[in-house]
Amino acid sequence: MVMIPAMQAHVATDHVFAALADPTRRAIFEHLARDGEQNVRALTVRAGVSQPAVSKHLGILKHARLVRDRRAGRETHYSAQPQALKPMLDWMGVYAAFWHERFDRLETLLKRMDQ
Amino acid sequence: MTEPAATRSLIVEREMPHPPEKIWRALTQGPLIEEWLMKNDFQPQVGHRFSFRSTPVPGWNGVIDSEVLAIEPNSRLCYSWGSMGLMTVVTWTLTPTKGGTHVRMEQTGFRSEEDAAYKGARWGWTKFIGNMDRVVGGLN
Chain D
1 MVMIPAMQAH VATDHVFAAL ADPTRRAIFE HLARDGEQNV RALTVRAGVS QPAVSKHLGI
61 LKHARLVRDR RAGRETHYSA QPQALKPMLD WMGVYAAFWH ERFDRLETLL KRMDQ
Chain E
1001 MTEPAATRSL IVEREMPHPP EKIWRALTQG PLIEEWLMKN DFQPQVGHRF SFRSTPVPGW
1061 NGVIDSEVLA IEPNSRLCYS WGSMGLMTVV TWTLTPTKGG THVRMEQTGF RSEEDAAYKG
1121 ARWGWTKFIG NMDRVVGGLN
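Protein chains in written order, with my numbering: chain D, 1 to 115; chain E, 1001 to 1140.
Okay, here's the thing in structure tokens:
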């Protein structure tokens, strides 16, 4: 049954999806992935929300292992961990097998149906 | 930034030797849907919320939560497909051909523009995934 591995992929990616469900967090993550390590202040300037809000978003991203933090003196620097996205991107491939199987079943049904 | 929105779409297409009207019945009548896809309480009505149900397995409750998003009889059917917090959209398109019908299923990775809740989001999922796909692809 193709369904089961597809759904296991769902479970594996669930926390990543939850972390990225928010557009501000996606934007923060994308900035870090594209431009490299940054501190909260620099991220706040670009995010258009308050610094505490950015810190909270970073905490959620960190919990999902999408970002890593590094203390340097009084500053905390954040960097993206894009490999955490891999299970999510692989998910489409798993669903491909599911739909091909369902297309087969649809064709079998159509052969049995009256016009 | 001009990455097509379809970057993370899954498309399955097949030519079937049956008229669109017949395939449409298989896509939109609950008992027929059950025969090839899953148990369901589908109704061909935009805005109708329904679910597909399968046998639960450890880690998955067996439920796909859906809503009918668009219906054009015998040609196009679109519903959301949500499970475990992951939202996708499935769109069926039927195109008549000489010998039958071209059947196209497109599952977009994330909510489409048709979902008002996501309209205006500064960073659309599809664009995001397109960009991230390149980043992650660059890891290998």
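We put the CB at the ideal spot given by N, CA and C, even for glycine.
Interface flag, A53(D) vs chain E, CB-CB below 9 Å | The beta-carbon of A53(D) is placed no less than 9 Å from the nearest beta-carbon of chain E.
List the endpoints of the continuous beta strand (DSSP E) containing G59(D).
-> That residue, G59(D), is in no beta strand (DSSP E); its alpha helix (DSSP H) goes 51-63.
Own chain residues within Cβ distance below 6 Å of V1012(E), not counting five before or after | Counting only Cβ-Cβ distances below 6 Å, and skipping sequence neighbours, we find M1105.
Per DSSP, which one or two residues make a beta bridge with A80(D)?
-> Answer is V67(D), bridged to A80(D).
On the three-state DSSP scale, how would you describe R1104(E)?
-> In the structure shown, R1104(E) sits in a strand (DSSP, three-state: E or B).
Extent of the continuous alpha helix (DSSP H) to which D35(D) belongs = If you look at D35(D), you'll find it in the alpha helix (DSSP H) that goes 23-35.
Confirm, please, whether the CB-CB distance from L61(D) to F103(D) is below 9 Å.
-> Here F103(D) is not near L61(D), since their CB atoms are 9 Å or more apart.
Is it true that the CB of V67(D) sits closer than 9 Å to the CB of L32(D)?
-> It is a contact, given that the beta carbons lie within the stated cut-off.
Spell out the partners DSSP gives T1095(E) in its beta bridges.
-> Per DSSP, the beta-bridge partners of T1095(E) are H1102(E).
Beta-carbon neighbours of R102(D), restricted to chain E and to distances below 7 Å | Neighbours of R102(D) in chain E, taken as residues whose beta carbon is under 7 Å from its own, are W1036, L1037 in chain order.
Quick one: does the C-beta of A18(D) sit closer than 8 Å to a heavy atom of the ligand SAM?
-> This structure lacks the ligand SAM, and indeed carries no ligand of any kind.
Give the residues from the region 34-51 of chain D that approach chain A closer than 7 Å (Cβ to any Cβ), ordered along the chain.
-> Annotation note: the requested chain A is absent from the structure, which comprises protein chains D and E.
By a C-beta neighbour count over all protein chains shown, 10 Å radius and 16 as the cutoff for buried, is P1073(E) buried or exposed?
-> Its Cβ having fewer than 16 others within 10 Å, P1073(E) is exposed.
Applying a beta-carbon distance threshold of less than 9 Å, which residues of chain D neighbour A1070(E)?
-> Within 9 Å Cβ-Cβ: nothing; A1070(E) doesn't reach chain D, min ~19 Å.
Let me know the secondary structure DSSP gives R105(D) once reduced to three states.
-> In the structure shown, R105(D) falls within a helical segment according to DSSP collapsed to helix, strand and coil.
Work out the CA separation of V1068(E) and W1024(E) for me, nearest whole Å.
-> Here the alpha carbons of V1068(E) and W1024(E) stand approximately 15 Å from one another.
Which residues mark the beginning and the end of the alpha helix (DSSP H) in which L1032(E) is found?
-> That run of the alpha helix (DSSP H) goes 1030-1036.
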